Amino acid sequence: NAGVTQTPKFQVLKTGQSMTLQCAQDMNHNSMYWYRQDPGMGLRLIYYSASEGTTDKGEVPNGYNVSRLNKREFSLRLESAAPSQTSVYFCASRLQGGNQPQHFGDGTRLSIL
Amino acid sequence: GDSVTQMEGPVTLSEEAFLTINCTYTATGYPSLFWYVQYPGEGLQLLLKATKADDKGSNKGFEATYRKETTSFHLEKGSVQVSDSAVYFCALSDDNTDKLIFGTGTRLQVFP
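Protein chains in written order, with my numbering: chain A, 3 to 115; chain B, 232 to 343.
In structure tokens, the structure reads:
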């Protein structure tokens, strides 16, 4: 059971470079999410997609773009990376419905120099 | 809006001690409630959930009861192990927006 797969696991970028974080789920889930996790700040929602073809801003969307490529895949793009975007990024997915939990990937650890 | 409040950490315990991590919530509707665990270097894993008032979720010796009257969902374990050292997140579902609302997490450190 692969669940939620994120690539890459680690990445180092220079300020101003661009990069796309990939996420794929094989559980036929409708909803997908991108979070960032910083020390002492818990999880903060960047963007989410309630279904294929729709995306919505979360709590901290500035500096990011997303694409819901199909039902399985939800990518996060940094167009011009900044040191403030150094973080651990998590993708999650879930079936729609209030009693459904989110399932998380193992994260991408991103450092921007 | 909906919110989740967790006790500040770290919580430091000796092996076999009793654990309680407090979680309270604010919600306008009838949310489902979740506890997640994050081990070092890993993503969040669902630990347990409860979907309505008075439900008790349980898994791996951990328990939490959905208390509507006190708007709480405290996590308990009777005897912790060193391997339970992790960060624990309380969360609630927000049906209106298809999102989960997370607490800030509580770090548990268990020493032999």
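All residues carry an ideal CB built from backbone N, CA and C; glycine is no exception.
Bear in mind that the values here come from a model prediction, so they are computed numbers and not experimental data.
Item	Value
Output needed in chain order: residues of the segment 288-300 of chain B with a Cβ under 7 Å from some Cβ in chain A.	none
Return the bridge partner residues of B:G288 from the DSSP annotation.	B:A295
Starting from B:G240, find everything on chain A with Cβ-Cβ shorter than 9 Å and list it in chain order.	What B:G240 touches in chain A: nothing, since even the nearest Cβ is about 10 Å away.
For B:S314, does the three-state DSSP call read helix, strand or coil?	helix
Rounded to the nearest angstrom, how far is the Cβ of A:V68 from that of A:Y49, given a contact under 8 Å?	4 Å
Quick one: Cα of A:S86 to Cα of B:D285, how far?	43 Å
B:S245 by DSSP, collapsed to three states: which one?	strand
Is the shortest distance between the beta-carbon of B:D233 and the beta-carbons of chain C less than 9 Å?	The structure shown contains no chain C; the protein chains it does contain are A and B.
Taking a cut of 7 Å between CB atoms, which residues from the segment 239-271 of chain B lie near chain A?	P262, S263, F265
Just grab the DSSP bridge partners of A:M34 for me.	A:S51, A:S95
Around the Cβ of B:S314, are there at least 16 other Cβ atoms within 10 angstroms (buried) or fewer (exposed)?	exposed
Return the bridge partner residues of A:N67 from the DSSP annotation.	A:R79
Can you name, in chain order, every residue of its own chain whose Cβ lies under 6 Å from the Cβ of B:L264, other than the five neighbours on each side?	A281, Y297, F304, L323
Could you spell out the range, first to last residue, of the beta strand (DSSP E) harbouring B:K280?	275-281
Report the option in B:M238, B:G274, B:F333, B:K287 whose CA atom is closest to the CA atom of B:K345.	No statement about residue 345 of chain B is possible, as the shown extent of chain B runs from 232 to 343 and does not include it.
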